[in-house]
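For reference, the structure is listed below as C-alpha cells.
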Amino acid sequence: MEKTQSEKVQTTEEWIRNYSLESLQLTLEYLCSRNSGNGGEEMEFTEETVTDFESRLSEVIELYQHRIQWLLQDSRKVFGVIKGTKVGLLVDVSHLSYGPRLLDFQKNLLCLIDEQLCYKKQLYCLSFSTEISLLWESPKTINVHVLHEARRWIQELEPGRGCNLLKALRHVLPMKELNSLVLIVGSCPDQSFEILCDYAQQCTLGRKVQIHTVTYDCSNPASLAVLKNLAEAVRGHYHCYSSKGENFDSSDFHLLLQESQKAKDLLKSIKQTFQRRAGGLLGSKKADVSTEFVSTAPSSFSLKPPKHRGPLTIQTPGILAKTSAEWLKTYGLKAKKLDFYQVLAPNAFSPVEDFVPILKKTVSSTLHEKLMMQFEWYDGTVKHIHVDLPVLYNYQKLLAKMVRIYEKRIDWLSIASRRVWGSVCERRVVVLVDISVTNSTCISHIQYSLRLLLEEQMLNKDFFNIIAFGSDVVPWQQELHPSQPENLEKAWRWVLSLECKGSRNLMSALRRAVEVDFKDKDKQKSQGLYLLTTGIPDQETHTISAYVAEACGGFDLELHVCLFSGTEGTGCSGIIPARYANPRETANAYKEIVQAAKGRFHWFGEAGIFESDDITSIISEMEKAKNYSQKCAFLVESLKKRSVNQAVKPLTPGDSNVLMRNERKKPQKVPSPKPTAVLKDVKDNHGAERNTPVRVLAWRPPSARAGIPPAQTVKEWPQTENKRKHKPRKQPEPSVSVFYTGEGRNVGTIYQKYPKAMCIRKSVCSVTLPEEEEICSSKEWLTKYSIKKLKLELPRLMFGPGCIHQKTTVGSLHKEVSAKYCSIFPSAEINGVVKHLQFHPKELETYTEQLEKVLQRYIQRVQWLLSGSRRLFGTILEANVCVLIDTSGSMGPYLPPVTKELTSLIWEQLRKNEVRFNLLRFAENTESWKEYLVEATDESCHDAVRWASTCHAHGNSCILAAVQKALSFQGVEALYLLTDGKPDTSCSLILKEIERLIKKQDIKIHTICFSCADRGAVEFLKKLASQTGGRFHCSSGGEGGQLAAHRILTEGLDDEDNSAFPYFEGDDLKKLSQEVAKARGFLKQAKSWRLLLEKWNTNQKDKSGFQKSIQENCIAGEVHRKGIPVRTLQKVHSPVATLNMIKF
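Everything in the sequence shown is counted per the numbering used here, starting at 44 for the first residue and increasing by one.
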C-alpha cells in the first residue's frame, strides 16, 4: 500500500476518507464475505486469505504512523494543518515577552508563512492584546509583495497586555471574503467561553468558515479548555502546542489515532478468533465473526489504548469537577432566574377580598378580562396574570438554550473516565477496587478503568490511595499519598500486578479505608470513597448500610458506588460467587448503601450508562424546562382563544336595545377595575394591545360611492344598524335599445339592466397544498402554488377602489377636504399613496394563518430540495437522461464526495422513479458506462455504482466532446452536466456549437457546479443551461440553507433575529427562496397592520369617550344659561372622531 503524493495538500478528514478501513475494504464484514465454507455453523477461510488480510492491516497501521510523523514536522507540529484558501490570521501578543520566547514565536510564524500560507489565495493579518492592530484594512491576494509585508509585520510584533479575543473576532468575522480563521492564543482570553461561543456561532451561522484555534506554549488549563471548546462549538479544529512537549493535543491526531486503534483491535481480534486447521484452512464459529459484531462499534469501556502497559499520559483537568447537584446551583433554572413562576411573579396579582363598611359586605377584586388570565400558582392558589407575549417568547428561547447546555453536560458526563467513575470531586480520594475471582475475565477492563481515572481526574487532587479487595484487603500504600505524577505512575504499575482471587469482602475494605486512610476524617474536608465493583458483597446489605451511615454521618465523607454489569449470573469462567443476585437486585442493594452514605450511584455496562445520579439530576432539570415551556405555550394559547371568542361575539338587535336602555339609565362610562401596577402601565402606554368587543359593531361602507355618514358615538350605532337593515336597496333602472332588423321594417328590442358599480372587497380564501412532493422544477411548482396563484398577495387583498384616500377641493372653503369616511378607517402610507385599511384584526389573523401555512410548505420543499442527492445534483425531472461527470485534474478533491452522492442519485432518484439512464465521464477523453440508455433495474444500478467508483482525476476538461457523445444516445431527453469550472477551450465556441446541435433535437442540458467562487465558470454554465431550456444548479449553500430552514420553522416564521436563506445560485432554490422572502415580507406587514388596527380602535374608543364627556358638559352649561330644552340641544352637535395619519 503506497502513500500518495497528494497527502501533503489534503486535510486529515479528506485523507481519512481515502484511507479509512472501510474505503480500503479492511473490515471484518468484508473478510466474512470471502468465506469458503459450506454455509454451516463453521466458517472456513484459506490461510492465504487471512494472511493477506493481516498483512494489509499491518500496512495500513504503518501508513497511519507515517501520516502522524508527517504532521509532527515543521510548522504543522506548531500550528497544525491550516485549512481554507482565504485565511485570516489572528495573533495574540499578550503572552509574549522580549527575549528568546518572542524570537522563537516569530521564527515559528515565519515558518508558517513560508510553508503553508504562501500557497493560499488571500491573507489577512491582525494582532491583538487589549487593543487590535491591523496590517491591512481588507484581505489581500497573496503575491510576493504581500508575503514580504507579512514577514516584516511578524518581525515587528511587540508584547502587549490582556487578551481581548472578542474584540478581534468582532473585527474579523464580519469579513465575508474569508473562509478560514486561525486563532493563535498564548494566554487565557479576557472573555468567558459562553460569550465567545455565542458570538462566534451567530456570526458563522449559514457560512462555511473554518475556525482553527491554536494554543501556543500555554500552560493555563483554562485557556486550553476555552480554545478547545470554542473550536468544537463552531465545528472547527483545535491544536495545542507546547515547546516542552506537555499537553500536546490536536483534532487531527484524534482522527488518526482513532482509525489506527480500530485497525489494531481488528488485527488482534482476527489473531484470537481464527483457529488453524489441517489442509491450510482457518476456521471460526459464526458467532465470533457475526455481522452484528462488525456493525457495532466497540464501547469505550472495552477498548484499551495502544500501549496498555506503557506509562501514563497524565492530563491536567481543564474544568473544576463538580457534582451535578452543585453544578445546578450555578446553571440550574432557578439559579439563572428562569423558573416559570419567577418570570411570572412581577405580573402576578393575588385576588383581594375585604369587607367594605359602606356596603356592609365582603367584596372580591375582579379580573380585568382584557389584560389578565387566571393561572394556578405552584402553591395551589389562583393568581391574576398579565400575559406579556414578547416576554414569554423570549423566555421560551432561553429555555431552549439552557436545554442545549444540559445536553452538553450529559455528553461530557458520558465520555472518557467519567463514563466509568462519574465526576470525582473530592480533594482526598480512596479508590476501592473489586478483584474477586468472579472478575477474572474482566481484569483488563478494571485496569483500563483505573488507568483512565489516574490519567484524567487525579492530578488535581491533594491525596489518594487505592485498595484492592477480594477475600483479603490489599492496599497500594499504608496511608494516603500526594497526587503527584510520579506517585500516579507508581500506582499504575501496582495496578498492573493485581490478580483476581477470593470472594467479595466489601466490609473489610470499607473498615480499612475509614479507620486507616481517613482516621482523621473529623479534621479534614472534601473526602470521598469510590467503589468499583461488579456484584453483590459477601455481607448483608443492611449491615453495610448501618456501618457507612455511622462512618459518614457528621463528617465530610461520602461513599460513591460505580457498578459494572457484564454477563448475568456466573462469570465466563463458570465460578459461582459467594452470594448471588441478578443485576437489578445488585443495583438496588448498592443504591441503599449509597443513600445511607449520602453519596452518588453510577451503574454502567458495555452498552452504556444504565443509571447515574449525576445524569438523572440533569435530566430532571431538562424535564422541568420542558414542563415550563408547555405551561408557557398553554398560557399563550388560552389568551389567543379568549381573544378570538371575544372578538367574534356578535350583538343581536335585542342586545342593542338592552345596551341603549342601560345607557339611558346611566349615561356615564362604566368604571374600570381598581387600578393596579399593570393597568397603570397600560393606561400610560397608548400603544398597548387592547381588545374591545364593541368595536365589532363599527360600520363600514360597502363602496366608495356610498353615502358616508359622519362618525357617531357608540350610543347611536345600533340605531344606524337597524335603519340600514330595513332600508330597501334601490333597484337598477332598466334601459331599452331599439333597432331595425334586416327583414323589412321589423324592429328589435334589447332590455338591459346596468347595476350600480360597487367595489367588492376580496376575502381571504382557504389554501389547499399537497402533502407529497411533486417531481418538477420550482418554476412549474410555483405556477400552481405561488402566493399570486393562491390569491394571498397582501396588496391585492387590502387595497381596492374603496380604500383610496380621496381629497376634493371645496370652493367655498378654498381648501382640500378628505372624504367623509376618512375618520372611520385607519390609514397607512404605502409607496407614497395613502390607503385605508378595510380589514378587521380577525380577518388579518385569518390571512396570517393561511400565509403561515403556505410559508411552512415552502420551507418544507426547500428542505426536500436540499436533502439526499438533490443537494448536489438537483432534481431529475426527465424519464431518459444521461449524467456527465467531469474527472479532470481539478476535480481531485471533489471526486470522493461526488462518487458517494452519485451512488445516492442512482438509487434515490433513478431507480426509485424508474428512469432510463447512462453515465459518462470526461477529462481529456470521454468514456461512457454503456453505449445506450439502460433501464434502472437492481442489477444495472449495482453495475453503475461499481463503474462510478473507478473514477479518478486526471488531465484537462473536454466538455464539448462529452456533450456531443451524450447527444448521440438514442432517446435521451436531458443531460445533467457536473463540473467544477470553465472548459479548457473557448466558452463562446462551445455555446455556439451546442446551440447548433440542439436545433436538430429537443434536448435540455442541466448544468451543475460545485462552487460559485469562479464567476466565469458560473456564468458559462448558466448561459449553457438557459439557451437549452435547462436549469442551473449549484451545491454551495446547502448546509446553510438547511440550518436557516430549521431555525425558521422552530423559532418563528417572521422572527427578525432569524436570518434569511443564504443566496442560492441554482434556479430551483433561488426561485423558491425568493418566494419565501416575499411571503415573510407579507406576513410581517400583515401582523404590523393588525397591531395598527388594534391601536387605532383603542384610540378611537378613548377619543369617543373624551368627546362625549365634553359634549355633555357643554349641553348642561347651555341649558343652565339659556334654559333651552335638552331635547332641542341634542340635535345640535354630532361629535366627529379624528385620526392622525400613520405612515409606514
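Glycine included, every Cβ here is placed at the ideal spot set by N, Cα and C.
What separation, rounded to the nearest whole angstrom, lies between the Cα atoms of residue i and residue j?
i	j	result
F1053	W58	20 Å
W1139	S1131	12 Å
L114	I254	19 Å
A987	Q490	50 Å
L216	L169	12 Å
A991	V538	53 Å
V189	K183	7 Å
I830	T891	13 Å
L531	W519	11 Å
S457	Q165	41 Å
S343	E498	The predicted model places S343 with a pLDDT of 36, which falls under 50 and marks its position as unreliable; any figure quoted below should be read in that light. Taking the straight line from one Cα to the other gives about 15 Å.
L574	W464	9 Å
S172	N207	6 Å
D657	L376	16 Å
N765	V807	Confidence at N765 is low in this model, with a pLDDT of 41, below 50, so its placement is unreliable and the value that follows should be read with caution. Roughly 28 Å separates the two Cα atoms.
D95	S1079	42 Å
F647	S655	8 Å
C75	H985	20 Å
K568	L493	24 Å
Q198	G123	21 Å
I185	K163	7 Å
H297	Y284	15 Å
S660	E237	22 Å
L835	W907	24 Å
Q53	V1119	38 Å
E974	Y73	32 Å
K129	L178	16 Å
K380	I357	39 Å
L146	L153	11 Å
N61	L938	11 Å
T373	G545	45 Å
Could you tell me which residues DSSP pairs with residue i in its beta bridges?
i	result
M218	Answer by DSSP bridge pairing: none, since M218 is not bridged.
Y890	In the DSSP output, where bridge partners are listed per residue, Y890 has none listed.
Q1243	Any property of residue 1243 remains undetermined from this structure, which presents the chain solely from 44 to 1187.
D560	Bridge partners of D560: none, in fact.
N961	C925
Y73	Beta-bridge pairing links Y73 to no other residue.
E601	G571
T576	L606
E158	Paired residue(s): none; E158 is not in a bridge.
A391	I428
Please name the residue, chosen from the options, that lies closest to residue i on a Cα-to-Cα basis.
i	options	result
D260	R352, L139, D295 and E201	L139
K896	F916, L908 and L833	L833
C468	L502, C1077 and I1037	L502
L387	I949, N625, A624 and E419	E419
R904	L1064, S663, A368 and G1084	G1084
L432	R643, A1004, L682 and K1008	L682
L248	A1120, I1091 and Q1117	I1091
L606	M665, C154, F1075 and D477	D477
L572	N548, V591 and L602	L602
Report, in whole angstroms, the separation of the C-beta atoms of residue i and residue j, which I expect to be a contact under 8 Å.
i	j	result
V924	F960	5 Å
T1071	I1048	4 Å
L200	Q159	Wrong, their Cβ atoms sit about 19 Å apart, outside the cutoff.
A979	L953	5 Å
V473	I510	6 Å
G1014	L976	6 Å
Sequence ranges, beta strand (DSSP E) only - wholly within the stretch 453-525, length at least 3: 471-477, 506-512 and 516-518
3 or more residues per run - each beta strand (DSSP E) lying fully within the stretch 255-302: 280-284
Length at least 4, wholly inside the stretch 1016-1083: the alpha helix (DSSP H) runs in chain order: 1030-1043 and 1058-1070
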